[in-house]
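Data block below; observations after.
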Amino acid sequence: RCTPCDTFTKARQPLLQTLSLRQLLQSRDAALTNAYYICLEAQLRHTPYAAIPAFFELRNQKILARIKAIQKRYPGKKIVVLTGADHYAYLIGRIQHVPLP
Numbered sequence: 001r002c003t004p005c006d007t008f009t010k011a012r013q014p015l016l017q018t019l020s021l022r023q024l025l026q027s028r029d030a031a032l033t034n035a036y037y038i039c040l041e042a043q044l045r046h047t048p049y050a051a052i053p054a055f056f057e058l059r060n061q062k063i064l065a066r067i068k069a070i071q072k073r074y075p076g077k078k079i080v081v082l083t084g085a086d087h088y089a090y091l092i093g094r095i096q097h098v099p100l101p
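Read in order, the letters of the sequence shown are residues 1 to 101 in our numbering.
Listed below in structure tokens is the structure:
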């Protein structure tokens, strides 16, 4: 069954299938991803599935906490973090990063 959130997934597919990593990071993919998760939370609120977006949020918070712990352990060092695109959308504004050259 189609939901309003499917529009974000459909808009992301061509980006994920055709863009290079650099292009993807400079595209609107992160905005579409964030909009999808906002939509999903609204769609599932007050349903038996309301815990799903909370699980996604908690998972991202744990990833962020681990990254920050590594940054604290290695101050001033360059750290490479590899994640899926959905996690990147969450992390981009929450950690100090340097874009790809």
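C-beta atoms are modelled at their ideal positions from N, C-alpha and C, and glycine is treated no differently. Given the structure is predicted, the values throughout are model-derived calculations rather than measurements.
Alpha-carbon spacing of residue 81 relative to residue 71, whole angstroms: Numbered from 1 along the sequence shown, position 81 holds the residue referred to as residue 81. Numbered from 1 along the sequence shown, position 71 holds the residue referred to as residue 71. The straight-line gap from Cα to Cα measures roughly 11 Å.
What separation, rounded to the nearest whole angstrom, lies between the Cα atoms of residue 46 and residue 30? Taking the sequence shown and counting its residues from 1, one reaches residue 46 at position 46. Taking the sequence shown and counting its residues from 1, one reaches residue 30 at position 30. Straight-line Cα distance between these residues: approximately 26 Å.
Which two residues bound the contiguous alpha helix (DSSP H) that contains residue 88? Locating residue 88 in the sequence shown gives position 88, where the first residue counts as 1. Where residue 88 is concerned, the enclosing alpha helix (DSSP H) stretches over 85 to 91.
May I have the straight-line CA-CA distance separating residue 40 from residue 73, to the nearest angstrom? Translated into the one-based positions of the sequence shown, residue 40 becomes position 40. Translated into the one-based positions of the sequence shown, residue 73 becomes position 73. Rounded to the nearest angstrom, the two C-alpha atoms are 35 Å apart.
Distance check for residue 91 and residue 43, CA to CA, integer angstroms please. Your numbering for residue 43 matches position 43 in the sequence shown. Your numbering for residue 91 matches position 91 in the sequence shown. So the two alpha carbons sit approximately 23 Å from each other.
For residue 36, does the count of other Cβ atoms within 10 angstroms reach 16, so buried, or fall short, so exposed? By one-based count along the sequence shown, residue 36 stands at place 36. That one is buried.
Beta-carbon gap between residue 33 and residue 69 smaller than 7 Å: Here residue 33 refers to the residue found at position 33 of the sequence shown. Here residue 69 refers to the residue found at position 69 of the sequence shown. Not in contact: residue 33 and residue 69 (Cβ atoms no closer than 7 Å).
Measure how close the beta-carbons of residue 95 and residue 67 come, nearest whole angstrom, since I'm counting them as under 8 Å. Taking the first residue of the sequence shown as 1, we reach residue 95 at position 95. Taking the first residue of the sequence shown as 1, we reach residue 67 at position 67. At roughly 6 Å, the Cβ-Cβ gap stays under 8 Å, so residue 95 and residue 67 are in contact.
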